[in-house]
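Enquirer:
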Amino acid sequence: MYFIANWKMFGSIKSVNSLNKVISYSKTNKLKAKIIYCPPYTLIKSFVDKTKNSNIKIGAQDCHTQIKYGPFTGAISSKMIKDLGGKFVIIGHSETRAENDNKKINLKIKSALDEKLNVILCIGEKLIDKRKNKTKYVLKKQLLEGLKNLKNLNKKVIIAYEPVWSIGTGIIPSENDLKKNIRFIRNILKISKKFTKSKILYGGSVNPKNIKNLMRIDNIDGFLIGGSSTNEKIFIDIMKKSIN
Ligand code: PEP
0 MYFIANWKMF
10 GSIKSVNSLN
20 KVISYSKTNK
30 LKAKIIYCPP
40 YTLIKSFVDK
50 TKNSNIKIGA
60 QDCHTQIKYG
70 PFTGAISSKM
80 IKDLGGKFVI
90 IGHSETRAEN
100 DNKKINLKIK
110 SALDEKLNVI
120 LCIGEKLIDK
130 RKNKTKYVLK
140 KQLLEGLKNL
150 KNLNKKVIIA
160 YEPVWSIGTG
170 IIPSENDLKK
180 NIRFIRNILK
190 ISKKFTKSKI
200 LYGGSVNPKN
210 IKNLMRIDNI
220 DGFLIGGSST
230 NEKIFIDIMK
240 KSIN
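Numbering-wise (numbering that gives the first Met the number 0), the sequence shown opens with residue 0 and increments by one.
Here it is as C-alpha cells:
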C-alpha cells in the first residue's frame with residue numbers, strides 16, 4: 000500500500016520536525032506501507048536529509064519537460080530533483096493541468112523516466128465531465144496521450160486516479176463508481192499493453208473517517224493524500240486505520 004503525501008504549497012523549514020512521528024511509525028508499522036512525501040521544491044533537500052535512515056522516500060510535485068538544464072526561469076528539471084535525492088515526481092496533478100496539456104505531460108514523464116525517477120501520473124475527470132458521462136473518455140485520453148511512445152517501465156509509473164471534484168472538497172466517489180473507474184483504468188493499461196503492472200492509487204479528500212470504506216475497494220494499491228497528509232497525527236491515523 001502506498002501512502003503518498005502531496006504537501007502542495009504548504010510547509011516551512013521547520014516542517015521537517017513534523018516528520019519525526021511518521022519516521023518512527025514507518026519503522027514499526029505492520030502494514031509495510033510505502034510512504035512517500037512530496038513537499039514543495041524548497042523542502043526537498045531537508046526532507047531527504049531528515050528521512051535518510053528510514054524507508055520514507057521523497058518526491059517533487061512537478062518537473063519541467065526538459066531533461067537537464069536550460070533557460071527556463073522558475074522551472075525545475077528532473078535532473079535537479081534527482082540531484083537533491085528525490086526519487087519520485089507527481090506529474091499531471093489537476094492543480095497544474097491548466098498549464099499542462101497531455102503532450103506536455105507526456106514530455107515531463109519522459110524526462111523523469113530518463114532520469115530514473117518514479118512517476119506518479121495523476122488523471123481524473125472534472126465535475127462537468129462526470130455530469131456529461133464523459134469520465135471514461137477523459138481517463139482514456141489522459142492515460143493514452145500521457146503515456147504515448149514511452150518505454151514500458153511498468154513499475155516506474157504509478158497512476159493516481161483523482162476525480163477533480165473530489166480534491167479538497169470532502170466528497171469522495173461512491174464505492175461502486177470508484178471500483179468501476181479503477182477497473183477501467185486497469186483495462187486501458189492492459190489493452191494498450193503498457194504499464195500493465197503499474198500500481199493504481201486513489202486521491203481526493205482521503206481522511207481518517209473515510210479510509211476504512213476506501214480500503215474495502217480491493218483493486219486500489221494506495222492513496223495520494225493532500226490536506227490530511229500535512230498533519231502527522233492525521234496522516235498516521237489514516238495509515239493505522241487502513242490496517243485495523
Ligand atoms: C491532492 O492534492 O492530490 C489531493 C488528493 O488533495 P486532498 O487530499 O486535499 O483532496
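From the three backbone atoms N, C-alpha and C, an ideal C-beta is built for every residue, glycine too.
Can you tell me the Cβ-Cβ gap for I54 and S25, rounded? I've got them flagged as a contact below 8 Å.
Expert: The amino acid at residue 54 is misidentified as Ile; the sequence shows Asn. Yes, they are in contact, since the Cβ atoms of N54 and S25 sit about 5 Å apart, within 8 Å.
Enquirer: Rank K125, N117, P172 and D128 by C-alpha distance to the C-alpha of I158 and give the top, closest one.
Expert: The shortest C-alpha separation from I158 is found at N117.
Enquirer: Counting pairs of Cβ atoms below 8 Å between the segment 181-190 and the segment 130-147, do you hit three or more?
Expert: Touching, yes, given that three or more Cβ pairs across the two stretches are closer than 8 Å.
Enquirer: Take every Cβ of the segment 153-173, pair it with every Cβ of the segment 196-210, and state whether three or more of those distances are shorter than 8 Å.
Expert: With the cut-off at 8 Å, the segment 153-173 and the segment 196-210 touch.
Enquirer: Please find out if some non-hydrogen atom of the ligand PEP comes closer than 6 Å to the beta-carbon of G167.
Expert: Because some heavy atom of the ligand PEP lies under 6 Å away, the Cβ of G167 counts as near it: yes.
Enquirer: For S110, which option in G225, F183, I66 and F71 has the closest C-alpha, if you only look at C-alpha atoms?
Expert: It is I66 whose Cα lies nearest to the Cα of S110.
Enquirer: So for A59, helix, strand or coil by DSSP?
Expert: Strand, per DSSP.
Enquirer: Out of G91, T27 and F194, which one is the CA nearest neighbour of E124?
Expert: Measuring from the Cα of E124, the nearest candidate turns out to be G91.
Enquirer: Going by C-alpha distance, which of D176, V163 and K178 is nearest A97?
Expert: Nearest of D176, V163 and K178 to A97, Cα basis: V163.
Enquirer: Just how far apart, CA to CA, sit K135 and N180?
Expert: So the alpha carbons of these two residues sit roughly 8 Å apart.
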